[in-house]
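Below: the structure, in structure tokens.
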Amino acid sequence: MHEVVVNLHMHTRYSDGSGLHRDIAQAAFSAGVDVVIVTDHNVLVQGFEGYYKEKKKKVLMLIGEEVHNQARDPQKNHLLVFGSSRELATFAENPQLLINQVRDAGGLAFLAHPDDPEAKAFKETDISWEDWSVQNYTGIELWNALSELKTVVPSMLHGAFYAFFPALVAHQPIPATIERWDELLAQGRRIVAIGGSDAHALHMSLGPISRVIFPYEFHFRTVNTHVILTEALSGDVHKDKKLIYEALAEGHCFIGYDLPAPTKNFRFTAQGKDASVSMGDEIPAKSGVTLQAKIPSLAEIRLLKDGNVIQTWKNQTACTHITTEPGVYRVEVYRRYMGKLRGWIYSNPIYVR
Ligand SMILES: [Zn+2]
Ligand SMILES: [Zn+2]
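Counted the way our numbering counts, the sequence shown spans residues 527 to 879.
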């Protein structure tokens, strides 16, 4: 098992972000993430994919894109596309056709910020995912740091406040998105959850105050997708890219909010009579399954079956649950930070069939 910390979903000057790819690499060195996936709007930027090195630090930069129909009003249905061999923005008009094209081009498709409310004070419209009839996508962006910010800024003043105290923003994924995910899983579908930063490193001015709000480096220390690989990264871009995207496609990953405390080394596994599996995998219910979660430091662990909490462990670093009941099992971990109980870790499910 080799875990890599991936920060994904971010924008540069090739779309509406303020930074360059080298700024992102620099921020990744400082924050200590292993991999970044840059996704500018409607353009698959060429020439930046690869390893960036500085002294003993190294980061793998992968390039995807975020596709949406710019002629649509409001501009809903944003799709994150990773690992596609070609530009696909021309298919933005029809989400299902776009998803099919992504699959055809060997890529992964994640519905970006499924619930992304209006933020009137910033003239930001609601850009939630709307076309829920779509099929055949890889998963959803369960936790998007920017959507969550929109939920806490009723006024410009709130915006300025959070710009100075960004650590107060993140609480948990938007509850409606979690509900939607559980509904999709209940239909028997396998939907991979990822966490994205949607980093733009925007400049904001309010009177005499002007600063870059939510810089890349801050985002890289907050909501990350931790991916569990079958082998260590080799340093070969082509090989490592394949390893990472295969693991993401299988759901061998969890969402970690790394600001309160590092989430690295979280594990959720299941052992049966003849099999031993991890997040994203399936295991037969027959003859019993032992579910186990391990977390890197004391916190509150909740085990959910088909969207409902079935057991809670407080102040623990590990827990075990034995079952013979088929269902979709997943783990949420909470811990106190900045005066509130906040979501810390969201696992992908283990499918007990
Ligand atoms: Zn978007
Ligand atoms: Zn975005």
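Don't be surprised by glycine CBs; every beta carbon is placed ideally from N, CA and C.
Asked, Found
"Alpha helix (DSSP H) segment containing N707, residue limits", "First, the residue type needs correcting, since residue 707 is Trp and not Asn in the sequence shown. From DSSP, the alpha helix (DSSP H) with W707 extends over 701 to 712."
"Outcome for E667 when other beta-carbon atoms lying within 10 angstroms are tallied against a minimum of 16", "buried"
"Inter-residue Cα distance where the pair is R862 and L694", "12 Å"
"Minimum C-alpha distance to D784 - residue among G722, G573, A618, A689", "G722"
"C-alpha distance - H567 paired with A796, whole-angstrom precision", "39 Å"
"Contact check, V530 vs V564, beta carbons under 7 Å", "no"
"Cβ-based neighbour list, A557, same chain, cut-off 7 Å, excluding 5 preceding and 5 following", "E743, F746, R747"
"Stretch-stretch touch, CB-based, cutoff 8 Å, three pairs: the segment 753 to 761 with the segment 645 to 659", "no"
"Under the three-state DSSP convention, the category D630 falls into", "helix"
"Option in L624, K602, H778, G633 with minimal Cα separation from D652", "K602"
"Minimum C-alpha distance to S772 - residue among T703, A635, G545", "Residue identity check: residue 772 is Glu in the sequence provided, not Ser. With distances taken between Cα atoms, E772 lies closest to A635."
"H604 Cβ short of 6 Å to ligand 1 heavy atom set", "yes"
"Status (buried if at least 16 other CB within 10 Å, exposed otherwise) for W669", "buried"
"Cβ contact check for the segment 802 to 813 and the segment 719 to 734: 3 or more pairs under 8 Å", "no"
"Inter-residue CB distance, A775 and S823 (contact presumed, cutoff 8 Å)", "The Cβ separation is near 30 Å, so there is no contact."
"Span of the alpha helix (DSSP H), counted from its first residue to its last, around M682", "682 to 690"
"Close Cβ partners of L515 (< 6 Å) along its chain, the five nearest in sequence each way excluded", "Since the first and last residues shown for the chain are 527 and 879, residue 515 lies out of range."
"Distance cut-off 6 Å: A488 Cβ against heavy atoms of ligand 1", "With the chain running from 527 to 879 in the structure shown, residue 488 is simply not present."
"Of the listed residues I848, G777, R629, H764, nearest to T751 (C-alpha basis)", "G777"
"Burial state of Q698 (16 or more Cβ within 10 Å)", "buried"
"Whole-angstrom C-beta distance between A631 and L614, which should lie under 8 Å", "7 Å"
"Identified DSSP bridge partners for S802", "Q797"
"Residue closest to N626, alpha-carbon to alpha-carbon, out of T538, N834, A702, L605", "L605"
"Selected residue, minimal CA-CA separation from M527, among V753, G633, D642, C845", "V753"
"Residue nearest to R706 in terms of C-alpha spacing, selected from G733, E656, V749, K676", "E656"
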